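Notes follow the structure.
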Amino acid sequence: MRRIGLFGGTFDPPHLGHLVLAEWARVRLRLDRVVFVPAGTPSDIVKKLNAGLNEVLRQPDIVARLKQLNIESRANTPDEFRAFMAAETAKWAKVVREAGIKLGS
Numbered sequence: 526m527r528r529i530g531l532f533g534g535t536f537d538p539p540h541l542g543h544l545v546l547a548e549w550a551r552v553r554l555r556l557d558r559v560v561f562v563p564a565g566t567p568s569d570i571v572k573k574l575n576a577g578l579n580e581v582l583r584q585p586d587i588v589a590r591l592k593q594l595n596i597e598s599r600a601n602t603p604d605e606f607r608a609f610m611a612a613e614t615a616k617w618a619k620v621v622r623e624a625g626i627k628l629g630s
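Structure, rendered in structure tokens:
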């Protein structure tokens, strides 16, 4: 079985930061490849990819490897992940604002 990681976002085209993170994930998680899934991908394709990824995340060897790397994962739907990311973005944006953190400071 081939191990494939999915990397989604609003990149078009991907920039160096995306490539560095994808390569780090490929090496650390012992993946065969990483697939970029840009924003705007049709929902039927996203649902298929999500179902496959959730299936992989339940495999005992993957669970064990993620645990070794101190990576917490959980199966979810695209809508659940979108809500999680929105909440995290709001939470950390508040921290940055309240701390007065500025880019380059």
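Counting in my numbering, the sequence shown runs from 526 upward without gaps. All C-beta atoms, glycine included, are put in the ideal place defined by N, C-alpha and C. The structure displayed is predicted, hence computed values, not measured ones.
Inset, instruction - Starting from Ile585, trace the alpha helix (DSSP H) both ways and give me its first and last residue. - result: Reading off the sequence shown, one finds Pro at residue 585, where the question assumed Ile. Looking at the DSSP string, the run of the alpha helix (DSSP H) that includes Pro585 is Pro585 to Gln593.
Legend entry - Option in Asp557, Arg555 and Phe561 with minimal Cα separation from Gly542: Phe561
Inset, instruction - Look at the Cβ atom of Val559, then the Cβ atom of Arg551, and state whether they are nearer than 8 Å. - result: yes
Legend entry - Supposed close pair Ala600, Leu582 - CB separation, criterion 8 Å: 5 Å
Legend entry - Local conformation of Pro567 per DSSP, three classes: coil
Legend entry - Nearest to Ile596 (by Cα), restricted to the options Val621, Asp569 and Leu554: Leu554
Legend entry - CB contact flag (Asn579, Pro603, <8 Å): no
Legend entry - Straight-line gap, Leu556 to Met610 (C-alpha atoms, nearest Å): 24 Å
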